[in-house]
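Protein chains: 4
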Amino acid sequence: MTRREYDEWLNEAASLARALRYPITPDMVNDSAGIVFGEDQYAAFENGLWSREAYELMVIFESLNEPAVDGLPTGGAQHAEYSGLCDKLMIVHPGKFCPPHFHQRKTESYEVVLGEMEVFYDPEPVAVGDEPPLAFRPMPVGDAWPEGVALAAGREDSYARLTSYVRLRAGDPKFVMHRKHLHAFRCPADADTPLVVREVSTYSHEPTEHAHDKPAPLPSWAGVHDNAFVAPAANTGRLTTAIR
Amino acid sequence: MTRREYDEWLNEAASLARALRYPITPDMVNDSAGIVFGEDQYAAFENGLWSREAYELMVIFESLNEPAVDGLPTGGAQHAEYSGLCDKLMIVHPGKFCPPHFHQRKTESYEVVLGEMEVFYDPEPVAVGDEPPLAFRPMPVGDAWPEGVALAAGREDSYARLTSYVRLRAGDPKFVMHRKHLHAFRCPADADTPLVVREVSTYSHEPTEHAHDKPAPLPSWAGVHDNAFVAPAANTGRLTTAIR
Amino acid sequence: MTRREYDEWLNEAASLARALRYPITPDMVNDSAGIVFGEDQYAAFENGLWSREAYELMVIFESLNEPAVDGLPTGGAQHAEYSGLCDKLMIVHPGKFCPPHFHQRKTESYEVVLGEMEVFYDPEPVAVGDEPPLAFRPMPVGDAWPEGVALAAGREDSYARLTSYVRLRAGDPKFVMHRKHLHAFRCPADADTPLVVREVSTYSHEPTEHAHDKPAPLPSWAGVHDNAFVAPAANTGRLTTAIR
Amino acid sequence: MTRREYDEWLNEAASLARALRYPITPDMVNDSAGIVFGEDQYAAFENGLWSREAYELMVIFESLNEPAVDGLPTGGAQHAEYSGLCDKLMIVHPGKFCPPHFHQRKTESYEVVLGEMEVFYDPEPVAVGDEPPLAFRPMPVGDAWPEGVALAAGREDSYARLTSYVRLRAGDPKFVMHRKHLHAFRCPADADTPLVVREVSTYSHEPTEHAHDKPAPLPSWAGVHDNAFVAPAANTGRLTTAIR
Numbered sequence: 001m002t003r004r005e006y007d008e009w010l011n012e013a014a015s016l017a018r019a020l021r022y023p024i025t026p027d028m029v030n031d032s033a034g035i036v037f038g039e040d041q042y043a044a045f046e047n048g049l050w051s052r053e054a055y056e057l058m059v060i061f062e063s064l065n066e067p068a069v070d071g072l073p074t075g076g077a078q079h080a081e082y083s084g085l086c087d088k089l090m091i092v093h094p095g096k097f098c099p100p101h102f103h104q105r106k107t108e109s110y111e112v113v114l115g116e117m118e119v120f121y122d123p124e125p126v127a128v129g130d131e132p133p134l135a136f137r138p139m140p141v142g143d144a145w146p147e148g149v150a151l152a153a154g155r156e157d158s159y160a161r162l163t164s165y166v167r168l169r170a171g172d173p174k175f176v177m178h179r180k181h182l183h184a185f186r187c188p189a190d191a192d193t194p195l196v197v198r199e200v201s202t203y204s205h206e207p208t209e210h211a212h213d214k215p216a217p218l219p220s221w222a223g224v225h226d227n228a229f230v231a232p233a234a235n236t237g238r239l240t241t242a243i244r
Numbered sequence: 001m002t003r004r005e006y007d008e009w010l011n012e013a014a015s016l017a018r019a020l021r022y023p024i025t026p027d028m029v030n031d032s033a034g035i036v037f038g039e040d041q042y043a044a045f046e047n048g049l050w051s052r053e054a055y056e057l058m059v060i061f062e063s064l065n066e067p068a069v070d071g072l073p074t075g076g077a078q079h080a081e082y083s084g085l086c087d088k089l090m091i092v093h094p095g096k097f098c099p100p101h102f103h104q105r106k107t108e109s110y111e112v113v114l115g116e117m118e119v120f121y122d123p124e125p126v127a128v129g130d131e132p133p134l135a136f137r138p139m140p141v142g143d144a145w146p147e148g149v150a151l152a153a154g155r156e157d158s159y160a161r162l163t164s165y166v167r168l169r170a171g172d173p174k175f176v177m178h179r180k181h182l183h184a185f186r187c188p189a190d191a192d193t194p195l196v197v198r199e200v201s202t203y204s205h206e207p208t209e210h211a212h213d214k215p216a217p218l219p220s221w222a223g224v225h226d227n228a229f230v231a232p233a234a235n236t237g238r239l240t241t242a243i244r
Numbered sequence: 001m002t003r004r005e006y007d008e009w010l011n012e013a014a015s016l017a018r019a020l021r022y023p024i025t026p027d028m029v030n031d032s033a034g035i036v037f038g039e040d041q042y043a044a045f046e047n048g049l050w051s052r053e054a055y056e057l058m059v060i061f062e063s064l065n066e067p068a069v070d071g072l073p074t075g076g077a078q079h080a081e082y083s084g085l086c087d088k089l090m091i092v093h094p095g096k097f098c099p100p101h102f103h104q105r106k107t108e109s110y111e112v113v114l115g116e117m118e119v120f121y122d123p124e125p126v127a128v129g130d131e132p133p134l135a136f137r138p139m140p141v142g143d144a145w146p147e148g149v150a151l152a153a154g155r156e157d158s159y160a161r162l163t164s165y166v167r168l169r170a171g172d173p174k175f176v177m178h179r180k181h182l183h184a185f186r187c188p189a190d191a192d193t194p195l196v197v198r199e200v201s202t203y204s205h206e207p208t209e210h211a212h213d214k215p216a217p218l219p220s221w222a223g224v225h226d227n228a229f230v231a232p233a234a235n236t237g238r239l240t241t242a243i244r
Numbered sequence: 001m002t003r004r005e006y007d008e009w010l011n012e013a014a015s016l017a018r019a020l021r022y023p024i025t026p027d028m029v030n031d032s033a034g035i036v037f038g039e040d041q042y043a044a045f046e047n048g049l050w051s052r053e054a055y056e057l058m059v060i061f062e063s064l065n066e067p068a069v070d071g072l073p074t075g076g077a078q079h080a081e082y083s084g085l086c087d088k089l090m091i092v093h094p095g096k097f098c099p100p101h102f103h104q105r106k107t108e109s110y111e112v113v114l115g116e117m118e119v120f121y122d123p124e125p126v127a128v129g130d131e132p133p134l135a136f137r138p139m140p141v142g143d144a145w146p147e148g149v150a151l152a153a154g155r156e157d158s159y160a161r162l163t164s165y166v167r168l169r170a171g172d173p174k175f176v177m178h179r180k181h182l183h184a185f186r187c188p189a190d191a192d193t194p195l196v197v198r199e200v201s202t203y204s205h206e207p208t209e210h211a212h213d214k215p216a217p218l219p220s221w222a223g224v225h226d227n228a229f230v231a232p233a234a235n236t237g238r239l240t241t242a243i244r
């Protein structure tokens with residue numbers, strides 16, 4: 001991806017975000033905001049963002065990532081990494097995906113701002129450790145996938161466990177994705193605008209290049225990476241973007 | 001307040017929220033959404049919402065109040081009440097206030113959607129218990145109050161400790177209000193629209209009439225009320241609205 | 001209608017217009033902007049704007065009424081009153097109507113901004129003078145009326161010739177109402193927001209109280225009133241609003 | 001300009017228009033909507049739309065071009081070409097221009113929807129024929145140009161007579177540009193979004209490729225081209241776009 005391609009992608013996305021009144025500050029439009037999930041996904045730029053081909057890439061504008069550590073009792077420090085507040089606007093072009101992954105710590109919610117969002121997920125949580133986690137309102141079992149969802153070439157297997165499907169629209173109730181659940185989403189390939197989604201979640205532990213020099217709220221948080229992508233190549237892509 | 005006055009207030013506010021694309025579902029427009037902070041504040045309806053007089057009343061549309069208990073390790077239960085995700089749209093008419101209060105558990109952030117927001121707060125946290133709480137990025141000391149801020153009659157004393165002031169506008173960075181800090185806010189009295197603010201916060205422990213029959217995510221959360229208003233009358237107003 | 005009722009109606013409507021980015025200047029929020037179509041329609045305020053009852057009243061915010069006389073060749077003066085540019089935002093509460101009328105000179109177009117618009121019209125033009133007017137793309141014959149459209153009591157007869165119906169939504173192509181066609185419209189009674197419509201039209205010849213001291217672009221335009229309402233009482237209501 | 005470059009330009013612009021609620025139908029996103037004003041201006045695509053360099057190119061989405069001939073008295077036909085209704089959304093990238101031109105017949109008005117609009121114009125009308133045209137509210141003399149407005153290379157002379165300047169922002173009153181006045185406009189080179197302007201005007205006589213097979217409302221209108229650009233090369237660019 002060339003610098004020109006990257007800048008056009010980000011500048012158009014930031015303009016769309018501003019038109020939709022998302023609070024974009026200049027610092028939010030940086031070289032970690034456009035995400036290509038692995039080296040093979042840069043091929044998306046051969047035909048460009050509007051080819052409607054299946055690739056894994058997206059833009060994230062993060063307006064808040066607050067650890068919410070201040071004011072905690074001392075005893076709350078141990079599990080504070082499951083808490084905090086993050087607010088992001090995510091922009092995905094037609095046919096493109098945020099690839100399958102889960103977070104051990106982060107619980108998310110989605111609010112569609114423009115377009116429609118196709119969510120694919122595993123209604124059962126990933127087991128982490130021996131003990132079963134707490135359960136209050138488990139994920140619902142969603143619908144079966146519709147026909148004709150084109151996946152990124154070579155990445156098909158990574159979607160195998162995401163058997164549940166839901167389609168979200170502007171004005172719908174917030175949709176909660178509990179921590180430890182595998183999930184992915186895309187913008188429908190025939191959409192006439194990019195999908196724009198606001199994600200309100202607990203803290204995002206993402207040691208991106210852009211964030212690498214920021215102090216950790218608690219010593220135990222240093223270097224924590226809470227994104228576990230199914231496709232190994234996707235993991236590397238989340239943290240650094242290769243711009244020629 | 002008559003039923004007609006209440007319904008006009010709520011229906012106009014919900015229309016404004018929808019125009020601003022906030023995801024309003026019918027269930028969110030209920031008899032706990034319009035809040036009058038104490039019996040004496042119903043006098044606001046003698047001259048109506050556009051009198052620009054100082055009273056303490058507001059609308060809150062809550063689109064999300066997710067405890068984020070699912071997926072927690074068992075050990076995380078004890079301090080989970082400091083976590084979770086809440087998303088609200090707050091609508092305040094010119095001259096009106098959200099009165100001074102603090103939350104022991106809830107950390108908040110503000111995003112102005114329409115109009116301008118005058119925030120008044122105490123840069124020092126309220127002491128709760130003997131142990132000092134954790135600190136990472138403390139509240140900044142804000143500006144001094146501007147001239148001419150009219151307070152609700154008889155409630156002036158409740159603002160005494162809120163010596164810091166900040167004015168927020170659409171497009172500004174999110175403003176974080178840490179838990180345990182006294183705060184209040186208003187819509188400027190000379191505004192030409194109500195103030196509309198999105199608040200993203202940790203879980204709201206508010207046993208309102210509307211929420212009274214909902215199950216508690218954890219047994220220890222039952223009946224927790226995390227709003228501590230300075231004026232005793234304001235506390236009662238938060239949970240029930242008297243509609244004739 | 002009391003001053004308080006009027007001001008609340010207008011201030012809420014102007015706030016909605018601003019939220020939808022319509023260019024409202026303070027001069028546009030005046031005592032001719034809220035329109036009650038005849039003395040009997042003030043009864044709408046007994047139960048208020050959200051009663052969903054059928055009455056004829058609406059708000060019009062006019063951002064442009066440009067005669068477009070400047071730059072015309074002299075010979076163009078004679079028919080210039082059929083030309084010009086007007087841009088209005090019209091706000092109609094659930095169940096309320098803009099009543100049946102036609103314009104000899106004014107051609108209109110509608111763009112729904114919020115909610116849905118039910119248009120009732122006569123696909124045949126009213127005859128004015130002996131000569132048939134020019135025709136290029138006549139009005140289409142619309143659908144039959146749906147069931148259950150409640151009309152204002154005592155005004156039912158005025159809708160008799162408006163046999164065509166069309167329902168317009170945000171994003172639809174502009175709908176053109178040619179001059180000399182009887183038309184009316186309403187906001188559906190079960191809507192959750194007021195209907196908000198942008199009308200782009202030729203010049204509005206409306207000698208309202210607010211406009212009474214403005215100079216006429218051409219001498220022949222002085223006092224021209226181009227609104228012909230079917231119900232005689234509606235005509236008077238258009239030009240002056242009785243506020244106690 | 002390649003097909004990919006054109007489609008990305010148009011699709012991003014249409015998405016922005018939709019986010020701003022402009023009523024875009026698929027037919028409006030066509031090969032006449034993106035305009036490059038002359039062969040030399042295709043050089044803009046060497047560094048792309050976000051280079052902030054001065055070139056003359058823009059997007060126009062036209063939602064209405066209504067001749068308003070229906071319902072006219074026969075005598076009105078002669079000057080009807082000065083009338084009618086057109087509604088367009090114009091999208092201009094940072095540093096880019098709509099080049100100097102005038103319309104003999106078309107009167108325009110501007111409403112900034114996003115960003116800021118720098119308008120350059122001649123406060124005196126162009127003489128057409130011997131007779132002075134009608135005058136009611138002549139164009140005001142604007143401000144002097146600010147420092148540092150970069151013009152398209154080789155096109156500087158075409159701006160010589162546009163000595164007046166005004167800067168328009170969202171929420172400003174509509175700005176009227178009378179027919180027969182030379183005018184141009186740009187998006188500031190340092191803007192963070194494209195400029196988005198709604199133009200409400202009388203009928204646009206533009207025999208673009210997209211419109212070439214549409215019937216003329218009146219026989220005398222066939223082939224009328226009402227855009228007179230100062231730079232000869234700009235005239236040709238308005239009507240056809242060269243996409244490889």
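If you're matching them up, the sequences are chains A, B, C and D in order.
Heads up: the first sequence at position 96 corresponds to 96 in our numbering, and the numbers run straight through without jumps.
Heads up: the second sequence at position 62 corresponds to 62 in our numbering, and the numbers run straight through without jumps.
Heads up: the third sequence at position 12 corresponds to 12 in our numbering, and the numbers run straight through without jumps.
Heads up: the fourth sequence at position 232 corresponds to 232 in our numbering, and the numbers run straight through without jumps.
We put the CB at the ideal spot given by N, CA and C, even for glycine.
Bear in mind the structure is a predicted one, so any value in this text is a computation, not a measurement.
Is the shortest distance between the beta-carbon of residue i and the beta-carbons of chain D less than 9 Å?
| i | result |
| --- | --- |
| A:ALA54 | no |
| A:LEU239 | no |
| C:ASP231 | What sits at residue 231 of chain C in the sequence shown is Ala, not Asp. No, no contact with chain D. |
| A:ARG244 | no |
Hey, residue i and residue j: beta-carbon distance below 9 Å or not?
| i | j | result |
| --- | --- | --- |
| A:LEU182 | A:ALA77 | no |
| B:LEU72 | A:PRO133 | yes |
| A:GLU124 | D:TRP50 | no |
| A:VAL128 | A:ARG186 | no |
| D:ALA19 | A:LEU16 | yes |
| A:PHE248 | A:MET58 | Coverage of chain A is limited to positions 1 through 244, which leaves residue 248 of chain A absent and any answer about it impossible. |
| C:LEU260 | D:THR202 | Given a span of 1 to 244 for chain C in the structure shown, any question on residue 260 of chain C remains unanswerable. |
| C:ASP226 | C:GLN104 | yes |
| A:LEU89 | A:GLU12 | no |
Under 7 Å Cβ-Cβ, which residues of chain A neighbour residue i?
| i | result |
| --- | --- |
| B:SER220 | Going along chain A, no residue has its Cβ under 7 Å from B:SER220, so there is no contact; the nearest lies around 12 Å. |
Give the residues of chain D in contact with residue i, contact being defined as C-beta atoms less than 8 Å apart.
| i | result |
| --- | --- |
| C:VAL197 | The contacting residues do not exist; C:VAL197 stays about 12 Å from chain D at best. |
Interface residues of chain B around residue i at Cβ under 7 Å?
| i | result |
| --- | --- |
| C:LEU49 | GLU8 |
Which bits of chain C does residue i rub up against, with CB to CB less than 8 Å?
| i | result |
| --- | --- |
| D:GLU131 | PRO73 and THR74 |
| D:ASP245 | Outside the displayed range of chain D (1 to 244) lies residue 245 of chain D, so it cannot be described from this structure. |
Going along chain D in order, which residues have a C-beta closer than 9 Å to the C-beta of residue i?
| i | result |
| --- | --- |
| C:LEU134 | VAL69, ASP70, GLY71, LEU72, PRO73, THR74, GLY76, ALA77, ALA80, PRO217 and LEU218 |
| A:LEU114 | SER15, ARG18 and ALA19 |
Within the 9 Å Cβ cut-off, does residue i reach chain B?
| i | result |
| --- | --- |
| A:MET90 | no |
Going along chain A, which residues have a C-beta under 9 Å from residue i?
| i | result |
| --- | --- |
| D:LEU168 | Per Cβ cutoff of 9 Å: no residues; D:LEU168 is ~17 Å from chain A at best. |
Indicate whether at least one CB of chain A lies closer than 9 Å to the CB of residue i.
| i | result |
| --- | --- |
| B:PRO125 | yes |
| D:GLU12 | yes |
Taking 9 Å as the threshold (beta carbon to beta carbon), is residue i in contact with chain C?
| i | result |
| --- | --- |
| D:PRO140 | no |
Compute the minimum distance between the beta carbon of residue i and the heavy atoms of the ligand ADP, and state whether it is under 8 Å.
| i | result |
| --- | --- |
| C:LEU134 | The ligand ADP is not among the ligands present in this structure, which contains no ligands whatsoever. |
Quiz item: Quick one: any contact between the region 28 to 39 of chain B and the region 205 to 217 of chain B, if contact means 3 or more CB pairs under 8 Å?
Solution: yes
Quiz item: Would you say the region 153 to 172 of chain C touches the region 40 to 50 of chain D, given that touching needs at least three Cβ pairs under 8 Å?
Solution: no
Self-check item: Length at least 3, wholly inside the region 1 to 32 of chain C: the beta strand (DSSP E) runs in chain order
Solution: none
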